[in-house]
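Quick note: to get this note's numbering, add 425 to the position in the sequence shown (first position is 1).
A virtual CB, placed ideally from N, CA and C, is assigned to each residue, including glycine.
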Amino acid sequence: MATLDDDLANAVTEGFRLAQSSIINQDLILSGTGDVTVTLANGSKKTGPSWSKLITAANAAGTSATAAKTSETNALASKNAAATSATNAATSEGNALASKNAAKTSETNAKTSETNARTSEYNAGASASSAAASLAAAQQLTSVPYEAAPFPDVWAPLNDDLRLLAGFAPYDTLTISGQVLELPSKSLTFSRASTATYIDKSGVLRTAAINEPRFEKEGFLIEEQSTNFLKRSSPTEYGPSIMRYGAGVSVVFKPDGGVEITKTGTTSVWFEQHTGAATYEAANPVSISCDLVVEAGDDVAIAIIRNTSSEGDTTAGVTTAVAGRNTLSVTTAGTTGLYRMALRIQFGASVPVGHKVTLDRMQLEASLTATSYIPTNGNTATRAADDCTLQRSGNDNYFGPVTFAMEVHCNGQTVASNGANNRRGIISYYPSSTEWVFAALNSSPGLSGRPMFCYASPALVGGATAIDDGKIHNMVFVSDTINKKIFTDGAVITSDIITRPTPGNVGVSNNTIYIGRGAGSATPGVRMLNGHIRNLRIWHRALTDNQIKGLR
Numbered sequence: 426m427a428t429l430d431d432d433l434a435n436a437v438t439e440g441f442r443l444a445q446s447s448i449i450n451q452d453l454i455l456s457g458t459g460d461v462t463v464t465l466a467n468g469s470k471k472t473g474p475s476w477s478k479l480i481t482a483a484n485a486a487g488t489s490a491t492a493a494k495t496s497e498t499n500a501l502a503s504k505n506a507a508a509t510s511a512t513n514a515a516t517s518e519g520n521a522l523a524s525k526n527a528a529k530t531s532e533t534n535a536k537t538s539e540t541n542a543r544t545s546e547y548n549a550g551a552s553a554s555s556a557a558a559s560l561a562a563a564q565q566l567t568s569v570p571y572e573a574a575p576f577p578d579v580w581a582p583l584n585d586d587l588r589l590l591a592g593f594a595p596y597d598t599l600t601i602s603g604q605v606l607e608l609p610s611k612s613l614t615f616s617r618a619s620t621a622t623y624i625d626k627s628g629v630l631r632t633a634a635i636n637e638p639r640f641e642k643e644g645f646l647i648e649e650q651s652t653n654f655l656k657r658s659s660p661t662e663y664g665p666s667i668m669r670y671g672a673g674v675s676v677v678f679k680p681d682g683g684v685e686i687t688k689t690g691t692t693s694v695w696f697e698q699h700t701g702a703a704t705y706e707a708a709n710p711v712s713i714s715c716d717l718v719v720e721a722g723d724d725v726a727i728a729i730i731r732n733t734s735s736e737g738d739t740t741a742g743v744t745t746a747v748a749g750r751n752t753l754s755v756t757t758a759g760t761t762g763l764y765r766m767a768l769r770i771q772f773g774a775s776v777p778v779g780h781k782v783t784l785d786r787m788q789l790e791a792s793l794t795a796t797s798y799i800p801t802n803g804n805t806a807t808r809a810a811d812d813c814t815l816q817r818s819g820n821d822n823y824f825g826p827v828t829f830a831m832e833v834h835c836n837g838q839t840v841a842s843n844g845a846n847n848r849r850g851i852i853s854y855y856p857s858s859t860e861w862v863f864a865a866l867n868s869s870p871g872l873s874g875r876p877m878f879c880y881a882s883p884a885l886v887g888g889a890t891a892i893d894d895g896k897i898h899n900m901v902f903v904s905d906t907i908n909k910k911i912f913t914d915g916a917v918i919t920s921d922i923i924t925r926p927t928p929g930n931v932g933v934s935n936n937t938i939y940i941g942r943g944a945g946s947a948t949p950g951v952r953m954l955n956g957h958i959r960n961l962r963i964w965h966r967a968l969t970d971n972q973i974k975g976l977r
């Protein structure tokens, strides 16, 4: 039986053995490589990895984790790179399309540039031509230094009165309580034996007293004597002896004058006023005029109708009507014979039923040109001719150079005819029975409405362009004692040599300058302008071309 000391000694010995065994095992584990075999406390053997192998395995595991993380990062980077590549691919595709479009645009721009180059080349040529023309014009204009026209020797503005700013004439007078007072002003001489109407500068119809001159917006109005053969120029009721209308219209007469005509059917759509009895000589000229209110776009006409019971109605002239004042003239209404002559308003087929025309201030004259309105109220009425004159003495300079200038406006076109009495005079005087001076409008067929000029001899020089177009024209007529010239609106249009005849008889009528009439006859009331004159000037010299171009 063991003792306590033995047990203690055994325990200590076993302790030391186990400790020694642990040291050996620890040494194997720490210093060994790879797998090592250790002896356990119970004496059994156990194989396992050494510390070195564990360290190596741990390091390898850490490296793998890092590699895994790196792989994950690289995968994400690859994914992002793939997305970027896709975006870049799309951008590249867009850039490729843009490049294609840019290339197409460049091609188009190249073609446009080529076209612009050709245009620039053409414009350069045109500019060169224009520059050459401008240079030529400038050289022509400046070949003579600018010359202002001198103050006229005779000057009548004729804007709103007959006063002279220069020239010789008796002084104006004023009678107060039977006493005649002499005024410092001088004027043209004027007369007219009747009242007459005119349109003032505000567009209002006015009536001028006997011997009162008429001034409209175009200037001083000068007209021939004329008669209105329609007895009710502004009717307030129907007159069966002088009026007719077709079954296709209805008529209503206005209390203040005029007739409203309504289209009610498709045939016989007309209204007329006529002269009454068949007493009008058809071989004479006829001019009609009237005021109309017409609906926009309606086809309405005015016509000259001649009529007899045996012949019925025959149209002598017709023209499309417009809103406002309308005129129509014919040189003759037919062959010789007495007729009833009418002014007729007629609707076109396209005018809708129910449309209306208002007709007023109706007039029919035995004249080649329609003149100002002559009111009638039951009988025909006559307006006397205007007569305007200026003394020759001190004003004409007949034996020296002379320039006449004025603004001219014609009422209506000049009707072509072979008679000299159908000329339209602007200014005239007659130094003797064989010497004439006049400016006028021609009436010969093919030349009607063109200006003509006669100085000294009856030989005429004529212009190439008509001036009876409804416009105001600046007319200048020049004689330098060798040549006579006509200028229209600053441009010379004709020139001819003057031939001075042997002076003939000189009478009282040879001492007068006629304004707005004449044209080869000193008879009052014939060869009238039937139009307007303004700013009449006479120089006792031949103005130069540059001076004439500057006249206004």
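- For the pair of segments examined, the stretch 658-674 was found not to touch the stretch 836-850: the number of CB pairs separated by less than 8 angstroms stays below three.
- For Asp970, the enclosing alpha helix (DSSP H) has its first and last residue at Asp970 to Lys974.
- With 16 or more other CB atoms across the displayed protein chains lying within 10 angstroms of its CB, Thr796 is buried.
- Counting only runs of 4+ residues, no alpha helix (DSSP H) is found wholly inside the stretch 595-634.
- Using a 10 angstroms sphere on the CB of Tyr596, the tally of other CB atoms stays under 16, which defines it as exposed.
- Ile730 is a Cβ neighbour of Ala767, given a cutoff of 7 angstroms.
- When DSSP states are grouped into helix, strand and coil, Ser842 belongs to the coil group.
- If you ignore the 5 residues before and after Trp580, its C-beta comes within less than 7 angstroms of the C-beta of Leu589, Leu590, Ala591, Gly592 and Arg962, all in its own chain and listed in chain order.
- Close CB contacts of Arg769 within its chain, under the 6 angstroms cut and outside five residues either way in sequence, are with Trp695, Glu697, Ala728 and Ile730 (chain order).
- Under a 10 Å Cβ-count criterion, Asn548 is classified as exposed, with fewer than 16 other Cβ atoms of the shown protein chains found around its own Cβ.
- Within the stretch 793-856, the complete beta strand (DSSP E) runs of at least 3 residues fall at 806-808, 812-816 and 827-835.
- In the DSSP annotation of this structure, the continuous segment of the beta strand (DSSP E) that includes Ser675 starts and ends at Val674 to Phe678.
- Residue state for Asp452 is assigned as helix, using DSSP reduced to three classes.
- Assignment of Val776 by DSSP, reduced to helix, strand and coil, places it in the coil class.
- For Val933, the three-state secondary structure derived from DSSP is helix.
- Arg750 counts as exposed, since fewer than 16 other C-beta atoms from the protein chains shown sit within 10 angstroms of its C-beta.
- Relative to the Cα of Ala703, the nearest Cα in the group Ser714, Glu736, Leu717 and Asn822 belongs to Glu736.
- Annotated three-state conformation of Thr689 is coil, per DSSP.
- Taking the Cα positions, Leu954 is about 20 angstroms away from Thr632.
- Nearest in C-alpha terms to Pro609, of all of Leu599, Ser616, Ala618 and Phe615, is Leu599.
- With respect to Cys879, Leu885 sits close: the two C-beta atoms are nearer than 7 angstroms.
- A distance below 7 angstroms separates the beta carbons of His898 and Thr913.
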